[in-house]
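**Student:**
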Amino acid sequence: PDAAVFEHVAVEASGGHAIFAAPLFVSYRCVFFTPRASDGNLEEHGQTLSIQFRAGSSHVSMEQHCGLIDEAGNRFLAVEHVSAVPVTATECTVTSESPIPPFRIDGRVAAGGAWQVLCCQPMPTLEEICSQGRGAVRCFLPHAVAVLELQAPQDTPQDEQGGPSLDDAPRALARAKLEAEISSFLVGTPARLKQWPSKDKQQYVATLWLALQFFL
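Residue numbers (our numbering): 756 to 971.
1. Would you give the residue range spanned by the beta strand (DSSP E) that threonine 850 belongs to?
2. Is phenylalanine 808 helix, strand or coil by DSSP?
3. When the Cα of threonine 810 is compared with those of Gly867, Ile937, Phe780, which residue comes out closest?
4. To the nearest angstrom, how far is it from the Cα of glycine 868 to the Cα of cysteine 885?
5. Check for me: the alpha helix (DSSP H) holding glutamine 876 runs from which residue to which?
6. Take valine 842 and list the residues in its own chain whose beta-carbon comes closer than 6 Å to its own, dropping the five residues that flank it on each side.
7. In angstroms, rounded to a whole number, what distance separates the CA positions of leucine 896 and alanine 827?
8. Taking all protein chains shown into account, decide if serine 782 is buried (16 or more other Cβ within 10 angstroms of its Cβ) or exposed.
9. Starting from glutamine 819, follow the beta strand (DSSP E) in both directions and report where the run begins and ends.
10. Mapping DSSP to helix, strand and coil, what is phenylalanine 940?
11. Which residues does DSSP list as the beta-bridge partners of alanine 833?
12. With a cut-off of 8 Å on the beta carbons, I'd call valine 872 and arginine 859 a contact; round off their distance for me.
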């Protein structure tokens, strides 16, 4: 989705900044790619489908509407789910009494706004077709999950282009986080241990921190 739809929260962290970007959508829809000539029995057909969106570990309560949309000269069934409040759904499960055709999941950030493609489900496999199709599909929405961007610490080794090394940046971020947890036992720049912790958890963190010194 376009960056303009993201809600940004900046959090200052040890050695850099963490930015959480979560796209929030007011409605989602499943577009089923089986051409339909008319809107007859739409509601009845929609009742044979069970579509559930999840946000984290819980289901998202939404109001369901069935309709037809025109694309590429064809009319397709579209099942829209409208949320009372903006929500970030991370996965969708579709079950049906009849074989499920290929479908697409779209999201909309505002009522009446443009739809953005979040996920496309491919054609059923040959095995599924030979066994009379698939009756259930679970798909993740990679373009709708929260995005975490981290600014590497200043002492992160650089690559040939002068930017943070992709190999070393994760370790540098981990070291910065560990240093924040045992800061009272560190001194100087670069940091070094002035005293070995006495508690088991602090010793564990200090051991991880020391191990990282051999990689950076």
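No residue lacks a Cβ here, since even glycine has one placed at the ideal position from N, Cα and C.
**Tutor:** So, from the listed chains and residues:
1. The residue labelled residue 850 in the question sits at position 95 within the sequence shown. Residues 846-851.
2. For the purposes of this step, residue 808 is identified with residue 53 of the sequence shown, where counting begins at 1. The answer is strand: DSSP assigns phenylalanine 808 an E or B state.
3. Stepping through the sequence shown from its first residue, residue 810 is reached at position 55. Residue identity check: residue 810 is alanine in the sequence provided, not threonine. Nearest C-alpha to alanine 810: Phe780.
4. Locating residue 868 in the sequence shown gives position 113, counting from the first residue. Locating residue 885 in the sequence shown gives position 130, counting from the first residue. Cα to Cα, glycine 868 sits roughly 40 Å from cysteine 885.
5. Taking the first residue of the sequence shown as position 1, residue 876 is located at position 121. Here glutamine 876 belongs to no alpha helix (DSSP H), and DSSP marks it neither H nor E.
6. In the sequence shown, counting from the first residue as 1, residue 842 sits at position 87. Counting only Cβ-Cβ distances below 6 Å, and skipping sequence neighbours, we find Ala810, Val815.
7. Working through the sequence shown from its first residue, we reach residue 896 at position 141. Working through the sequence shown from its first residue, we reach residue 827 at position 72. About 24 Å.
8. Locating residue 782 in the sequence shown gives position 27, counting from the first residue. That one is buried.
9. As a first step, residue 819 is located in the sequence shown; it is residue number 64 there, counting from the start. Per DSSP, glutamine 819 belongs to the beta strand (DSSP E) from 818-826.
10. Indexing the sequence shown from 1 puts residue 940 at position 185. In the structure shown, phenylalanine 940 sits in a helix (DSSP, three-state: H, G or I).
11. To locate residue 833, count along the sequence shown from 1; it is residue 78. Its beta-bridge partners are Val786, Gly822.
12. For the purposes of this step, residue 872 is identified with residue 117 of the sequence shown, where counting begins at 1. For the purposes of this step, residue 859 is identified with residue 104 of the sequence shown, where counting begins at 1. Going by Cβ atoms, the distance from valine 872 to arginine 859 rounds to 6 Å, so yes, they are a contact pair.
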